[in-house]
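There are 2 protein chains.
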Amino acid sequence: MMKKSTGRQAKAQQKTRRELKKFWSDDGEPELSEVSRRKRSQIIDAALETFLELGYEGASMNLVAERAGVIKQTIYSHFQDKQTLFREVIASLTVDYVQNALKKPELSNQPLPVVLRMIAETILARHQDAQHIRFVRTMIGEAERFPELAKLFTDVTVHPVLTLIVERIKAQKTYKFDDPEAFARVFIGTVVNHCLQQHILHGKELLPFNAARLVDELVALVELHRVASR
Amino acid sequence: MMKKSTGRQAKAQQKTRRELKKFWSDDGEPELSEVSRRKRSQIIDAALETFLELGYEGASMNLVAERAGVIKQTIYSHFQDKQTLFREVIASLTVDYVQNALKKPELSNQPLPVVLRMIAETILARHQDAQHIRFVRTMIGEAERFPELAKLFTDVTVHPVLTLIVERIKAQKTYKFDDPEAFARVFIGTVVNHCLQQHILHGKELLPFNAARLVDELVALVELHRVASR
DNA sequence: ATCTTACCATACCGATCGGTATGATGCGAA
DNA sequence: TTCGCATCATACCGATCGGTATGGTAAGAT
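Note that the protein sequences, when read in sequence, are chains A and B. Each residue of the first sequence is one higher than the one before, counting from 27 in my numbering. Each residue of the second sequence is one higher than the one before, counting from 27 in my numbering.
Structure (structure tokens):
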């Protein structure tokens with residue numbers, strides 16, 4: 027375990043076949059063949075499923091290859107090594123999520139409580155998907171081994187949502203908040219922690235709690251900030 | 027990986043030397059010798075450090091033995107196998123935490139905001155300890171492989187704190203809450219998610235946020251529930 | 001028709017894994 | 001003094017790990 031460098035990893039800077047090709051070719055795009063692109067996507071799918079199920083250390087390249095219906099060498103012709111595969115696969119899933127997520131709230135010059143409900147519902151709905159639960163668990167579990175992934179996650183999901191809420195708070199006059207950013211963190215912190223506790227830590231089997239009750243409570247808190255209107 | 031049972035794990039029901047002794051002796055206590063107890067605690071310490079650092083799959087029994095200053099056989103004379111060692115070590119750490127934690131709030135018939143501040147400070151202070159951060163990360167990361175541990179965690183930490191807050195809310199008349207349990211979850215959800223985001227997902231290096239601001243915001247929310255007193 | 005390319009199957013590499021076997025050493029209780 | 005016991009050191013077990021090598025096959029481009 028992480029002792030001496032065994033000469034196997036002394037290769038270090040070695041490049042993938044495809045990367046070499048890209049390096050020498052004139053145009054930037056490698057122009058993968060159809061079948062090659064299909065294999066690559068099979069690998070990515072299998073790697074995702076395997077990493078999210080078993081974690082980085084628990085997943086083996088043999089199993090990934092088997093699930094992808096591909097020989098191990100094919101994986102190594104597309105990805106440099108296990109770490110690279112993990113990083114690329116998780117990172118691309120991370121940015122995928124945000125693209126499908128931040129579209130709905132666009133269509134809203136709705137009142138603040140409605141916007142907040144929509145955001146909460148979006149987060150809650152996401153956590154109905156078993157794969158997303160595993161994704162979050164993996165992101166947290168491997169946050170020490172792969173801190174860049176955690177930072178990417180923060181960058182493309184946490185940060186935009188917080189910013190969105192703060193903007194919405196500042197853009198309206200019905201409710202007055204002394205510290206909008208703090209309240210935004212209260213809001214998404216509550217929702218996210220609920221998902222974590224209920225779905226990842228198996229709280230729903232031990233301390234079940236209705237998400238709607240939480241959202242209602244949060245909206246009630248917003249309502250307490252209504253400016254005295256006459 | 028999790029394929030056929032390789033005959034190695036067919037032993038299954040095998041018992042530890044010490045468990046056998048306990049089974050045959052008259053009294054329930056095995057009466058470990060002094061040196062034996064010391065070895066055991068060395069093993070537990072090393073196992074904790076190693077598991078929290080590298081996760082269950084990433085940690086190797088060889089490394090645990092080396093760090094404990096003990097031969098591998100000694101570990102296997104105290105613990106049945108790797109899974110058992112992990113379970114016992116993490117479970118005992120879990121219950122240890124709660125014992126040192128829930129003592130302070132006893133001395134309080136203080137007003138609600140003071141009590142809540144104390145609880146928040148306790149949670150926040152805990153997350154100044156690097157080992158506790160790793161503990162939480164491990165608990166989440168292995169929650170699928172070891173769901174019983176996650177449930178134990180919920181049982182001895184989350185649940186009591188929630189209950190405590192709900193009791194305090196109901197025991198006073200200065201502030202009126204429609205749904206005390208929901209508010210309790212808002213409160214600890216906010217604090218816990220802050221710790222998770224800042225310390226485990228490395229948010230403090232990307233989106234730093236002052237915990238005091240959060241607590242102030244939460245207390246301000248409490249203050250909004252003050253009954254109209256004249 | 002030749003050549004390249006990506007894939008396949010299979011087998012191999014050294015290292016490490018979880019766990020066990022053997023046999024020696026030292027120590028407290030009888 | 002003898003015995004039992006926990007630990008030691010060392011070496012071993014089969015399995016699996018991440019990664020590579022070899023050599024063959026099929027398809028598309030020239």
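The beta-carbon is built from N, C-alpha and C at its ideal position, and this holds for glycine as well. Predicted model, so just to flag it, every value in this text is computed and none were measured.
So, does the CB of residue i fall closer than 9 Å to a CB anywhere in chain B?
i       : result
G215(A) : yes
Q223(A) : yes
T180(A) : yes
E170(A) : yes
L188(A) : yes
D204(A) : yes
Q40(A)  : For Q40(A), the pLDDT reaches just 45, beneath the cut-off of 50, and the residue's location in the model is therefore unreliable, leaving the point undetermined.
S31(A)  : Residue placement at S31(A) is poorly supported in this model, since its pLDDT is 36, which falls under 50; the coordinates are not used for a value here.
Starting from residue i, follow the alpha helix (DSSP H) in both directions and report where the run begins and ends.
i       : result
G229(A) : Element bounds for G229(A): n/a, residue is neither H nor E.
N135(B) : Element bounds for N135(B): n/a, residue is neither H nor E.
H185(A) : 185-196
D242(A) : 237-249
E207(B) : 206-221
I97(A)  : That residue, I97(A), is in no alpha helix (DSSP H); it is neither H nor E in DSSP.
R252(A) : That residue, R252(A), is in no alpha helix (DSSP H); it is neither H nor E in DSSP.
Y201(B) : First-last for Y201(B): undefined, no H or E at that position.
D122(A) : 108-127
Using a Cβ-Cβ distance cut-off of 9 Å, determine whether residue i contacts chain A.
i       : result
Q155(B) : According to the sequence shown, residue 155(B) is Asp rather than Gln. No - not a single Cβ of chain A is within 9 Å of the one on D155(B).
G95(B)  : no
T200(B) : no
L111(B) : no
D107(B) : no
R239(B) : yes
V192(B) : no
A158(B) : The amino acid occupying residue 158(B) in the given sequence is His; Ala does not appear at that position. Answer no: the Cβ-Cβ gap between H158(B) and chain A never drops below 9 Å.
L250(B) : yes
A254(B) : no
Which chain A residues are close to residue i, counting only those with a beta carbon under 7 Å from its beta carbon?
i       : result
F209(B) : E243
L83(B)  : Going by the sequence as given, residue 83(B) is Glu instead of Leu. Correct list: G81, E83, G84.
L138(B) : What L138(B) touches in chain A: nothing, since even the nearest Cβ is about 16 Å away.
For a contact meaning CB atoms closer than 7 Å, what does residue i contact in chain B?
i       : result
N219(A) : G215, V218, N219
P173(A) : H228
Report the neighbours of residue i on chain A: residues whose CB is nearer than 9 Å to its CB, in chain order.
i      : result
K16(B) : The shown model of chain B, from 27 to 256, leaves out residue 16(B), and the question about it has no answer.
Below 9 Å on C-beta distance, what does residue i contact in chain B?
i       : result
I166(A) : V162, R163, I166, G167, L222, I226, L227
A72(A)  : In chain order: nothing, as chain B lies at least about 13 Å away.
Applying the criterion that 16 or more other CB atoms from any shown protein chain within 10 Å of the CB defines a buried residue, is residue i buried or exposed?
i       : result
N88(A)  : exposed
E249(B) : exposed
R3(A)   : Here chain A comprises residues numbered 27 to 256, so residue 3(A) is not present and cannot be evaluated.
N126(B) : exposed
R252(B) : exposed
G95(A)  : exposed
K65(A)  : buried
N236(A) : exposed
E174(B) : exposed
Q99(B)  : exposed
E231(B) : exposed
R34(A)  : Model confidence at R34(A) stands at a pLDDT of 33, short of 50, so the residue's coordinates are unreliable; what they give is reported in the following sentence. Classification of R34(A): exposed, given that the 10 Å Cβ count is below 16.
E170(B) : buried
N219(B) : buried
T183(A) : buried
V162(B) : buried
V121(B) : exposed
Q157(B) : exposed
Taking residue i as the query, report the chain B residues whose CB atoms sit under 8 Å from its CB, ordered along the chain.
i       : result
N185(A) : This sequence places His at residue 185(A); Asn is not what is there. Residues of chain B passing the Cβ test: L232, L233.
Starting from the beta carbon of residue i, find every residue of chain A whose beta carbon is closer than 8 Å, and list them in chain order.
i       : result
H212(B) : One detail in the question is off: residue 212(B) reads as Val in this sequence, not His. In chain order: V212, T216, L240, E243, L244, L247.
Quiz prompt | beta strand (DSSP E) runs wholly inside the region 149-187 of chain A, at least 3 long, in chain order | solution = none
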